[in-house]
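Novice: Take a look at the following structure, please.
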């Protein structure tokens with residue numbers, strides 16, 4: 036409750052981790068224990084556990100679930116389990132604020148949202164570069180601003196970008212070709228800027244509650260996610 040920000044010195048400098056093995060019972064027990072003790076949920080909803088397993092196996096994934104089905108929990112759990120920092124790309128400030136509030140309700144406060152009215156924006160960008168936040172919420176346009184690009188590059192070298200989340204991913208198709216072309220560069224930017232010391236990019240997860248077949252195809256193509264049996268849940 037002290038009215039100051041403490042510097043965090045727990046950057047992760049090891050190798051990128053991933054889940055190995057197919058013991059479904061053990062995997063389910065482990066993730067469910069985490070879900071119950073950190074997020075105070077009794078059990079996973081439909082497709083949540085499958086999605087978490089996919090991402091912890093370092094598989095780029097598009098997750099198509101209805102509104103209210105708990106898409107946010109998927110990346111939040113993976114972001115907490117996997118070492119490193121999670122970058123979340125949201126189309127509007129209201130969504131960022133909602134996610135920040137939700138995480139704080141679970142006692143997770145090493146988070147920031149970078150937008151114009153953030154009074155601590157310059158300080159927070161420096162702290163992102165130092166790997167002090169577990170979750171950073173940004174608009175896609177930030178990935179085209181050199182000051183912020185430099186922060187992500189520094190983060191990828193001082194710590195690790197474990198996951199890049201494209202929230203409301205249908206915007207990639209519906210907005211990217213019209214009034215927010217920055218969406219068309221999201222995948223390329225985050226993969227290049229977020230490469231670790233071995234040149235391996237972060238895992239990409241695209242979340243949406245509404246996508247026709249044509250929009251889904253656009254999302255896979257524009258985000259450069261390989262279209263196979265494991266890439267869409």
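Numbering (the numbering used here), first residue to last: 36 to 268.
Just so you know, even glycine gets a beta-carbon here, dropped at the ideal spot from N, CA and C.
Mapping DSSP to helix, strand and coil, what is residue 183?
Specialist: Residue 183: helix per DSSP, three-state reduction.
Novice: Rounded to the nearest angstrom, how far is the Cβ of residue 24 from that of residue 145, given a contact under 8 Å?
Specialist: Because the chain spans 36 through 268 in this model, residue 24 falls outside it and cannot be assessed.
Novice: What residue from 133, 99, 92 has the CA that sits closest to residue 116's CA?
Specialist: Nearest option by C-alpha distance: 92.
Novice: By Cβ distance below 8 Å, which residues in the same chain neighbour residue 193 in space, the five residues on each side in sequence not counted?
Specialist: The answer, listed in chain order, is 46, 48, 164, 165, 166.
Novice: Quick check on the DSSP output: what are the complete beta strand (DSSP E) runs of length 3 or more inside the region 187 to 248, in order along the chain?
Specialist: For the region 187 to 248, whole beta strand (DSSP E) runs of length 3 or above, ordered along the chain, are 196 to 201, 238 to 243.
Novice: Which class does residue 168 belong to by DSSP, given the choice of helix, strand or coil?
Specialist: Residue state, collapsed to three classes: coil.
Novice: Alpha carbons only, please: which of 110, 257, 159 is nearest the one belonging to residue 183?
Specialist: Minimum Cα distance to residue 183 is reached at 159.
Novice: Rounded to whole angstroms, what is the Cα-Cα separation between residue 124 and residue 201?
Specialist: Their backbone Cα atoms lie some 5 Å apart in a straight line.
Novice: Work out the CA separation of residue 204 and residue 247 for me, nearest whole Å.
Specialist: Cα to Cα, residue 247 sits roughly 12 Å from residue 204.
Novice: Which stretch, first to last residue, makes up the alpha helix (DSSP H) that contains residue 73?
Specialist: Looking at the DSSP string, the run of the alpha helix (DSSP H) that includes residue 73 is 59 to 73.
Novice: Buried or exposed: which applies to residue 174, given that a residue is buried once 16 or more other Cβ atoms fall within 10 Å of its Cβ?
Specialist: So residue 174 counts as buried.
Novice: In the DSSP assignment, the beta strand (DSSP E) including residue 99 goes from what residue to what residue?
Specialist: First-last of the beta strand (DSSP E) with residue 99: 96 to 99.
Novice: Expressed to the nearest angstrom, what Euclidean distance is found between the alpha-carbon atoms of residue 122 and residue 131?
Specialist: Answer to the nearest angstrom: the Cα atoms are 12 Å apart.
Novice: Are the beta-carbon atoms of residue 197 and residue 88 separated by less than 8 Å?
Specialist: It is not a contact, given that the beta carbons lie outside the stated cut-off.
Novice: Taking residue 225 as the reference, which of 232, 162, 187 has the closest Cα?
Specialist: Of the candidates 232, 162, 187, the one whose C-alpha sits nearest the C-alpha of residue 225 is 187.
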